[in-house]
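Residue numbers (the numbering used here): 264 to 990.
Glycine is no exception: its CB is placed at the ideal position from the N, C-alpha and C atoms.
Here the structure is a predicted model, which is why all the values come from computation and not from measurement.
Data block below; observations after.
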């Protein structure tokens with residue numbers, strides 16, 4: 264069987280996986296599939312097939328399908344998806360338990376756990392006799408750690424004897440499940456998965472690191488029948504209540520994996536440090552001899568991802584085809600792309616050395632929920648995956664488009680990536696060290712509030728860019744724009760320039776039109792000529808406020824003032840030239856420049872002055888969050904009209920009161936003022952709050968405002984407040 268597999272898989276395949284954990288916390292089950300809404304969307308299978316993936320790690324989970332004993336499983340949950348996979352040529356790798364503890368009538372410490380699991384496995388095999396690839400229990404060591412050593416999941420134990428009891432139950436379950444499956448499907452194949460990180464340490468703890476590295480692999484050793492009296496962990500098991508007969512059972516009924524798959528995350532590699540005082544108290548632990556901190560090695564200087572090491576270690580130890588079982592990173596789009604390409608490049612290098620790499624699994628196709636807290640709570644924290652679920656339907660991200668290209672051409676590419684990388688440092692890449700052949704992002708209007716925010720975010724994220732201030736690029740001169748964009752040769756242009764003085768536009772409509780309309784069209788034409796993408800900013804002031812509820816992307820604009828009319832006209836004319844352009848409408852953005860509403864309000868409040876503010880309803884939006892969201896959408900090649908604002912709906916007066924509240928200043932100084940008292944020439948809508956039909960991608964308003972106010976106060980106290988001018 265293995266020989267045939269090695270001959271067939273001469274190039275790594277592109278695989279996919281759905282984050283499908285159903286873990287138990289006390290008596291509550293956390294269900295990732297339910298939260299992702301996948302069960303109701305058989306069309307997800309079509310989306311996955313369109314990526315070009317050949318195999319899909321697919322949940323046929325015990326807790327979900329057979330929650331009650333002696334009751335027929337709820338096959339309807341997966342039947343249609345299984346049929347669609349057959350139709351679309353995707354081979355499922357069936358998962359039966361994914362970080363779970365089984366249905367409520369059993370648990371990970373139940374001596375009958377393995378028997379129950381084997382019984383369920385037989386039912387699944389009988390239902391789907393064409394299934395060939397199986398993972399009965401996902402990441403048994405990690406699950407045993409979280410449940411038996413760290414107390415995160417049920418039964419919330421922190422004891423070695425419970426850990427080994429859970430681990431042996433899981434491994435017996437794997438062996439017995441595969442035996443039951445093969446009685447129905449003789450040629451069924453078993454893919455073992457577990458976290459494949461490496462533990463290193465300071466010198467005094469080298470013995471503990473060696474033990475931890477062996478424990479990391481011990482589930483595969485158990486099911487392979489390799490844990491005998493010479494194994495490093497034999498005495499560990501014996502000390503913690505495991506009998507010789509229990510260990511020898513695995514030697515008698517050994518079921519070695521046909522494929523060993525390592526799951527590898529930023530948090531997988533660990534460092535043990537006896538200098539506990541140097542780390543957060545939550546990292547502190549010990550072994551009874553030494554106290555030490557257990558931290559992610561990624562936090563240490565000089566760490567790089569080591570997918571290649573993962574694959575080589577698995578091959579050296581087990582000599583059967585290897586795979587990466589999960590590739591996922593919670594981060595910016597370009598960081599996700601870097602992580603994915605580092606993995607793929609490593610797989611190619613290992614394969615080139617004659618090691619059979621079966622596949623690379625792009626994980627979390629639909630993203631994940633609350634894994635930042637190890638699914639101990641449900642707080643709604645969503646990590647975007649290959650698809651973004653925050654809209655009415657799953658939306659392809661840059662990862663999806665890049666994986667499709669990978670499946671077609673064998674190389675994962677994107678303009679935002681350096682021309683070639685071999686490893687991905689967790690630290691922000693130094694833009695100056697990237698390949699000169701890499702096309703930059705062009706930021707037009709880089710001297711203004713929004714432009715500077717884009718520059719700052721690009722610096723923080725390591726995105727190569729060219730900053731074009733008003734002096735460097737006058738957007739009103741068409742030939743000049745063509746020449747500059749032709750010289751820069753960007754992969755994308757973000758137009759952050761603009762005439763932003765709403766009242767000034769009433770006195771100088773020609774200048775407003777020249778910048779906001781003609782300038783945007785000039786950039787669109789230059790992008791059309793060079794093949795660059797374009798993002799252009801619009802405003803909530805394209806609406807008249809008559810709706811009195813959040814304006815959506817599909818609502819018809821009806822601007823009330825010169826500025827709003829210029830933005831509306833620019834939207835249409837840009838899309839006439841460049842239909843795939845991204846048009847971003849936003850509302851009342853705030854930051855730390857001197858002309859900003861938040862800064863002006865803080866200064867007045869600190870001086871004890873009264874603060875007049877309008878009663879018009881808006882959606883205040885943090886400019887830094889706006890810049891990051893636009894960068895993500897540009898990397899995703901998003902197009903069309905998007906509303907990017909906070910989900911808040913409040914008046915300028917309430918906005919000012921919130922500023923006072925976060926700064927612990929006197930809210931009574933804020934008072935509602937009529938437009939005449941504010942010296943407004945341009946008519947503003949009474950209501951211009953924005954909603955979205957595309958998906959809410961912006962962070963919480965209150966959190967963003969609190970961070971902004973705290974940053975200003977810190978600068979104010981240290982006398983280092985800086986200013987930025989508008990463009």
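Exercise. Just confirm the distance between the C-beta atoms of residue 459 and residue 525, as a whole number of angstroms; I'd bet it's less than 8 angstroms.
Key: Here residue 459 is taken as the residue at index 196 of the chain shown, counted from 1. Here residue 525 is taken as the residue at index 262 of the chain shown, counted from 1. The distance from the Cβ of residue 459 to that of residue 525 is about 3 angstroms, consistent with a contact at the 8 angstroms cut-off.
Exercise. State the Cα-Cα distance for the pair residue 283 and residue 371, rounded to the nearest angstrom.
Key: Counting from one through the chain shown, the residue named residue 283 turns up at place 20. Counting from one through the chain shown, the residue named residue 371 turns up at place 108. So the alpha carbons of these two residues sit roughly 18 angstroms apart.
Quiz item: What are the complete alpha helix (DSSP H) segments, minimum 4 residues, inside the region 388-466?
Solution: Here the runs fully enclosed are 403-407 and 423-447.
Quiz prompt | Minimum C-alpha distance to residue 462 - residue among 480, 453 and 644 | solution = Residue mapping note: residue 462 aligns to position 199 of the chain shown, counting from 1. When only C-alpha atoms are compared, the closest one is 480.
Quiz item: Going by the CB atoms, is the gap between residue 404 and residue 380 shorter than 8 angstroms?
Solution: Here residue 380 refers to the residue found at position 117 of the chain shown. Here residue 404 refers to the residue found at position 141 of the chain shown. No; because the gap between Cβ atoms is not below 8 angstroms, this pair is not in contact.
Quiz prompt | Host beta strand (DSSP E) of residue 554 (start-end) | solution = Working through the chain shown from its first residue, we reach residue 554 at position 291. Unbroken beta strand (DSSP E) run through residue 554: 554-559.
Quiz item: Skipping 5 residues on each side, what residues in its chain have a beta carbon closer than 8 angstroms to that of residue 932?
Solution: On the chain shown, position 669 is the one that residue 932 refers to. Excluding sequence neighbours, residue 932 sits near 867, 868, 871, 872, 873, 874 and 923.
Practice problem: Compute the beta-carbon to beta-carbon distance between residue 792 and residue 745, rounded to the nearest angstrom, for a pair I have assumed lies under 8 angstroms. | Solution: Sequence index remark: in the chain shown, residue 792 carries index 529 (1-based). Sequence index remark: in the chain shown, residue 745 carries index 482 (1-based). About 7 angstroms; that satisfies the 8 angstroms criterion.
Practice problem: Please determine, among 644, 576, 881 and 361, the residue with the shortest C-alpha to C-alpha distance to residue 620. | Solution: Looking up residue 620 in the chain shown gives position 357. Ranking 644, 576, 881 and 361 by Cα distance to residue 620 puts 576 first.
Quiz item: From what residue to what residue does the beta strand (DSSP E) around residue 934 run?
Solution: The sequence position of residue 934 within the chain shown is 671, counting from 1. Taken as a continuous stretch (DSSP letters only), the beta strand (DSSP E) holding residue 934 covers 933-935.
Quiz prompt | Run of the beta strand (DSSP E) containing residue 875, from where it starts to where it stops | solution = For this step, residue 875 is matched to residue 612 along the chain shown. Counting along the chain, the beta strand (DSSP E) containing residue 875 begins and ends at 874-876.
Quiz item: How many Å lie between residue 277 and residue 725 at the Cα?
Solution: As a position in the chain shown, residue 277 is number 14, starting the count at 1. As a position in the chain shown, residue 725 is number 462, starting the count at 1. Looking at the backbone, the Cα of residue 277 and that of residue 725 are separated by about 27 angstroms.
Quiz item: Just reading off the alpha helix (DSSP H) that residue 864 is part of, what are its end residues?
Solution: Your numbering for residue 864 matches position 601 in the chain shown. Bounds of the alpha helix (DSSP H) holding residue 864 are 860-869.
Quiz item: What is the residue span of the beta strand (DSSP E) that residue 495 lies within?
Solution: Working through the chain shown from its first residue, we reach residue 495 at position 232. Counting along the chain, residue 495 falls outside any beta strand (DSSP E), and DSSP gives it neither H nor E.
Quiz item: Based on Cα-Cα distance, which residue from 423, 774 and 764 lies nearest to residue 947?
Solution: Here residue 947 refers to the residue found at position 684 when the chain shown is read from its first residue. Its Cα nearest to that of residue 947, the residue 764 stands out among 423, 774 and 764.
Quiz item: Do residue 945 and residue 824 come within 8 angstroms of each other at the CB atom, strictly closer than that value?
Solution: Here residue 824 refers to the residue found at position 561 of the chain shown. Here residue 945 refers to the residue found at position 682 of the chain shown. Inclusion of residue 824 and residue 945 in the CB contact set at 8 angstroms is warranted, their separation being smaller than that value.
Self-check item: Residue ranges of each alpha helix (DSSP H) within the region 498-568, 4 or longer
Solution: Runs found: 507-515.
Quiz item: Under a Cβ-count criterion, where at least 16 other Cβ atoms within 10 Å of its own Cβ denotes burial, should residue 402 be classed as buried or exposed?
Solution: Taking the first residue of the chain shown as position 1, residue 402 is located at position 139. Classification of residue 402: buried, given that the 10 Å Cβ count is 16 or more.
Quiz prompt | Inter-stretch contact (C-beta, 8 angstroms, three-pair minimum) for the region 503-514 and the region 439-453 | solution = They do not touch, by the three-pair rule.
Practice problem: For residue 477, I'd like the list of residues in its chain whose CB is within less than 7 angstroms of its CB, leaving aside the five on either flank, ordered along the chain. | Solution: To locate residue 477, count along the chain shown from 1; it is residue 214. 495 and 496.
Quiz item: Roughly how many angstroms separate the alpha carbons of residue 521 and residue 423, rounded to a whole number?
Solution: Residue numbering aside, residue 521 sits at position 258 when the chain shown is read from its first letter. Residue numbering aside, residue 423 sits at position 160 when the chain shown is read from its first letter. Rounded to the nearest angstrom, the two C-alpha atoms are 29 angstroms apart.
Practice problem: Determine the closest residue to residue 681 out of 736, 597, 673 and 743, with distance taken between C-alpha atoms. | Solution: Sequence index remark: in the chain shown, residue 681 carries index 418 (1-based). Each of 736, 597, 673 and 743 was checked against the Cα of residue 681, and the nearest Cα belongs to 597.
Quiz prompt | DSSP bridge partner residues for residue 596 (one or two, in chain order) | solution = For the purposes of this step, residue 596 is taken as residue 333 along the chain shown, with counting starting at 1. In the DSSP output, where bridge partners are listed per residue, residue 596 has none listed.
Self-check item: Bridge partners - residue 756, DSSP secondary structure assignment
Solution: The count along the chain shown starts at 1 and reaches residue 756 at position 493. 705 and 797.
Practice problem: Kindly give me the distance between the Cβ atoms of residue 650 and residue 633, rounded to whole angstroms, as I take these residues to be in contact under 8 angstroms. | Solution: Position 387 of the chain shown, counted from the first residue, corresponds to residue 650. Position 370 of the chain shown, counted from the first residue, corresponds to residue 633. Not quite, the Cβ-Cβ distance comes to about 18 angstroms (not below 8 angstroms), so this is no contact.
Quiz item: Is residue 921 buried or exposed, if buried means 16 or more other CB atoms sit within 10 Å of its CB?
Solution: Here residue 921 is taken as the residue at index 658 of the chain shown, counted from 1. Residue 921 sits buried, since 16 or more C-beta atoms from the chains shown fall within 10 Å of its C-beta.
Quiz item: Based on the DSSP secondary-structure assignment, which residues constitute the bridge partners of residue 650?
Solution: Numbered from 1 along the chain shown, position 387 holds the residue referred to as residue 650. Checking the DSSP bridge columns, you'll see residue 650 partnered with 659.
Quiz prompt | Within-8 angstroms CB hit, residue 623 to chain D | solution = Given the protein chain composition of this structure (a single chain), no chain D is represented.
Quiz item: Would you report the Cα separation of residue 806 and residue 655, rounded to the nearest angstrom?
Solution: As a working mapping, residue 806 is identified with position 543 in the chain shown. As a working mapping, residue 655 is identified with position 392 in the chain shown. Approximately 23 angstroms, taken between the alpha carbons.
Quiz item: Since residue 1009 and residue 753 are thought to touch, with beta carbons under 8 angstroms apart, how far apart are those beta carbons, to the nearest angstrom?
Solution: No answer is possible for residue 1009: it lies beyond the span of the chain, which begins at 264 and ends at 990.
Practice problem: Tell me whether residue 632 sits in a helix, a strand or coil according to DSSP, three-state version. | Solution: On the chain shown, position 369 is the one that residue 632 refers to. The answer is strand: DSSP assigns residue 632 an E or B state.
Self-check item: Sequence-distant residues of the same chain with beta carbon closer than 7 angstroms to residue 229, five excluded per side
Solution: One cannot answer for residue 229 here, as it falls past the ends of the chain, which runs 264 to 990.
Quiz item: Run through DSSP, which three-state label would residue 779 get?
Solution: Stepping through the chain shown from its first residue, residue 779 is reached at position 516. Three-state DSSP puts residue 779 in a helix.
Quiz item: Do you know offhand how far residue 909's Cα is from residue 918's?
Solution: Within the chain shown, numbered from 1, the residue matching residue 909 stands at position 646. Within the chain shown, numbered from 1, the residue matching residue 918 stands at position 655. Per the coordinates, the alpha-carbon of residue 909 lies some 12 angstroms from the alpha-carbon of residue 918.
Quiz item: Taking three-plus beta-carbon pairs below 8 angstroms as touching, is the region 875-895 in contact with the region 956-969?
Solution: Yes, they touch.
Quiz item: For the putative contact between residue 787 and residue 837, defined by C-beta atoms under 8 angstroms, what is the C-beta separation to the nearest angstrom?
Solution: Here residue 787 is taken as the residue at index 524 of the chain shown, counted from 1. Here residue 837 is taken as the residue at index 574 of the chain shown, counted from 1. The pair is a contact, with the Cβ atoms about 5 angstroms apart (cut-off 8 angstroms).
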